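Just so you know, the sequences run in chain order A and B.
Per numbering that gives the first Met the number 0, the very first residue in the first sequence carries number 0; after that it's consecutive.
Per numbering that gives the first Met the number 0, the very first residue in the second sequence carries number 0; after that it's consecutive.
Note that CB positions come from ideal geometry on N, CA and C, so glycine has one too.
Just so you know, these numbers come straight off a predicted model, no measurement behind them.
In what follows, a structure is listed as structure tokens, so that the remarks can point back to it.
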Amino acid sequence: MTARLEVRDLSKAFGGVAAVQGVSFDVRDGEILGVIGPNGSGKSTLFNCILGQLLPSAGTVALDGSDVTGLRPSTLNRLGVSRTFQLLQVFPRLTVRENLILAGQEHRGSRLGRLFGARDAGLGPEADRMLEFFRLGALAHEQAGSLSYGQQKLLDAAMAFMSGSRLVLLDEPAGGVNPTMLAGLRDRLAEINRVGATFVVIEHNMEFVMSLCTRLIVLAEGRIIAEGSPAEVRTNAAVIEAYLGH
Amino acid sequence: MRTFLIALALLVVLALVPADLTGLGLPYPGLKRYGTYILTLWLVTAIAAMGVNLIVGYAGQETLAQAAFVGIGAYLTAIAGKHGVPFGISFAASGLLTFVIGIALGFPALRVQKHYLAFVTLAFSVLCWLVFRNETAITGGVMGLRDIERPILFGLKLRNAQTFYWFVLAITAVMTFVLWWIVQSPWGRAFTALRENPLRAESLGVDVRLYTLLAFALGCAYGGMAGSLYAPLVEFIDPSPFALGPSLLFMLMVVIGGSGTFAGPFVGAGVAVLLPEWLRAWETWYLLIYAALVMIMMALFPGGIVGLARVSVRKRQP
């Protein structure tokens with residue numbers, strides 16, 4: 000299986016604090032890789048370095064074999080990488096449907112063409128399909144800011160798939176979502192994965208991540224301390240030590 | 000279709016406001032020359048305020064230089080007119096020049112954005128004002144430029160206040176439509192995304208720097224074109240209307256009208272241009288009353304007058 004994403008010796012220091020230290024891993028085409036670790040282990044910093052939000056202090060990031068280290072998030076998105084954030088990041092004054100159209104519009108035609116073309120950039124039918132798929136159809140014309148936290152989380156996740164990305168990085172998609180909605184989200188992600196999408200998921204909810212991911216890496220103090228299938232990671236002594244501290 | 004019909008009806012009403020309708024059997028004598036002048040000034044101010052609204056209300060940036068851009072357009076049109084350049088060319092050149100200056104000014108300033116962009120524009124505003132005041136050979140300095148000709152359209156002289164008003168109304172209608180089109184297009188959605196959440200916008204492929212620059216430059220161009228209409232309207236220009244104070248007033252108009260709402264600049268410009276005229280009867284008290292009204296509005300209705308109207312309509316709905 001080819002590597003969609005290759006991270007090599009990635010490090011990020013903030014002054015004297017090393018948040019990520021020499022992290023290397025691959026994300027294989029079509030897999031769902033989980034990144035877990037205690038609070039402050041460097042998971043979000045790792046994401047931000049991969050996605051151009053932060054410039055790594057050292058190391059490289061390659062997408063389908065091409066070096067993309069330090070590229071701006073918008074450039075990376077246009078190359079086929081999208082993400083969600085740990086905290087909710089929807090556009091509250093746009094409707095749910097407009098949020099989805101916005102999430103895909105920069106991938107449609109030229110910039111000038113978008114000015115003179117259709118208002119929905121030709122993404123209306125796709126947005127409607129996505130709304131139905133994520134069970135948000137009834138809320139299409141509501142302002143995103145008026146949705147419940149769980150519904151906004153679903154929308155946030157749905158937006159990441161509007162551009163037909165080759166790789167999607169989800170930062171705590173299950174955080175604050177109620178169990179019923181969470182099961183729906185897991186099913187949706189698994190279904191999207193079955194048709195070929197590749198994911199990296201940061202998550203604290205162990206049940207969610209163990210049931211969704213095919214492989215896990217575990218971070219502690221900015222380093223990878225374990226890697227393997229969910230079953231292997233669950234019984235790993237270093238992981239138990241990192242989480243329970245004994 | 001409904002929006003188009005409402006806009007058309009509004010345009011017809013606005014076209015009829017200064018006209019004497021007694022000939023049609025209606026008891027409406029129209030507006031006198033000064034009333035028509037004030038109405039035209041409102042339209043010109045609204046065009047410049049639309050530009051500020053694009054920068055501040057839609058793209059979430061800040062500008063304190065709109066009056067300077069109005070000044071650039073006004074001086075360019077006045078000086079070019081004195082050299083026999085037709086108004087159409089001066090008008091287009093004003094828009095183009097201020098767009099280019101907007102790009103040049105915005106490009107380095109985009110590294111800092113928001114409040115820092117406001118300071119960059121503040122410095123530019125002061126610089127322009129100094130040029131308008133001190134470059135006497137070109138701008139006439141504090142004595143200004145007088146006897147600015149009004150345009151001639153297809154052989155028709157627009158000297159008459161009412162004819163010039165209709166001319167300005169037609170241009171305002173076109174510029175309003177253009178801005179409406181931009182705001183409704185994917186560009187408008189991207190501008191809104193910049194204002195609401197630039198971090199997320201960037202992660203969705205929206206080139207935040209480019210769209211911010213476009214919004215800023217387009218807003219500046221609206222200022223320049225408003226200035227191009229302002230010069231033949233007042234027929235005399237000096238540096239004072241293009242200083243920092245009027246730039247702050249443009250910001251105030253957008254906030255009072257309703258930042259990020261399409262009608263906001265028209266309402267805000269109406270408050271800024273028409274309210275002082277109505278309050279003039281209170282003589283020296285009018286500035287105090289005006290300031291108090293603005294403070295009360297800001298404290299009680301942060302969404303501006305349009306925001307307040309929307310809330311009222313929503314409350315009345317079952």
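Closest in C-alpha terms to Arg118/A, from the list Met129/A, Leu130/A, Glu105/A, comes Glu105/A. Pairwise C-beta distances place the stretch 97 to 109 of chain B in contact with the stretch 214 to 223 of chain B, as three or more of them are shorter than 8 Å. Residue contact with chain B for Glu141/A: absent (no Cβ-Cβ distance below 8 Å to any residue of chain B). Proximity of Gly204/B to chain A, defined by a Cβ-Cβ separation below 8 Å, is satisfied. Closer than 9 Å at the C-beta level to chain A, one finds these residues of the stretch 169 to 182 of chain B: Trp180, Ile181. Within 10 angstroms of the beta-carbon of Asp170/A lie 16 or more other beta-carbons, which makes it buried. Within the stretch 181 to 197 of chain B, those residues whose Cβ lies closer than 8 Å to any Cβ of chain A are, in chain order, Ile181, Gln183, Ser184, Pro185, Trp186, Arg188, Ala189, Thr191, Ala192, Glu195, Asn196. Taking 8 Å as the cut-off, the beta carbon of Ala271/B is found no closer than this to the beta carbon of Leu287/B.
One thing to note: Leu211/A has its Cβ within 8 Å of the Cβ of Val200/A. For the stretch 156 to 167 of chain A, residues whose beta-carbon sits nearer than 9 Å to a beta-carbon of chain B comprise Met158, Ala159, Met161, Ser162. Excluding sequence positions up to five before and after Met49/B, its CB lies within less than 6 Å of the CB of Leu178, Tyr221, Pro264, all in the same chain and listed in chain order. A contact between stretches requires three or more CB pairs, one per stretch, nearer than 8 Å, and the stretch 24 to 34 of chain A fails this requirement with the stretch 75 to 88 of chain A. Contact annotation: Trp186/B and Arg107/A have beta-carbon atoms that are not nearer than 8 Å.
Separation of the CB atoms of Ser89/B and Gly80/B is rounded to 6 Å, and the pair is thereby assigned contact status at 8 Å.
When 8 Å is used as the limit between beta carbons, Val207/B is near these residues of chain A: Ser73, in chain order.
Against chain B, the CB of Gln85/A has no partner CB under 8 Å away; the residue lies outside that interface. Chain A places no beta carbon closer than 8 Å to that of Arg158/B, leaving this residue out of the contacts. Residue state for Ile147/B is assigned as coil, using DSSP reduced to three classes.
Asn177/A sits exposed, since fewer than 16 C-beta atoms from the chains shown fall within 10 Å of its C-beta. In the three-state scheme derived from DSSP, where H, G and I count as helix and E and B as strand, Arg214/A is classed as strand. At a Cβ-Cβ threshold of 8 Å, Leu15/B and Leu168/B do not count as neighbours.
Annotation: the continuous alpha helix (DSSP H) that includes Gly87/B extends over 86 to 108. The stretch 72 to 83 of chain A makes contact with the stretch 154 to 174 of chain A: 3 or more CB pairs, one atom from each, lie closer than 8 Å.
Counting only residues of its own chain and dropping the five nearest sequence neighbours on each side, Gly227/A has a CB closer than 8 Å to the CB of Arg214, Leu215, Asn235.
In the structure shown, Ser43/A falls within a helical segment according to DSSP collapsed to helix, strand and coil.
Under the Cβ criterion of 8 Å, Arg96/A is not counted among the residues facing chain B.
With a beta-carbon spacing of about 5 Å, Val205/B and Ala189/B fall inside the 8 Å limit used to define contacts. Straight-line measurement puts the Cα of Asn76/A at about 59 Å from the Cα of Trp281/B.
Take the alpha-carbon of Val266/B and the one of Ile255/B: they are about 8 Å apart. Beta-carbon to beta-carbon, Ser246/B and Leu63/B are separated by about 5 Å, close enough to satisfy the 8 Å threshold. A residue is called buried when at least 16 other Cβ atoms come within 10 angstroms of its Cβ; Asn159/B does not meet this threshold and is exposed.
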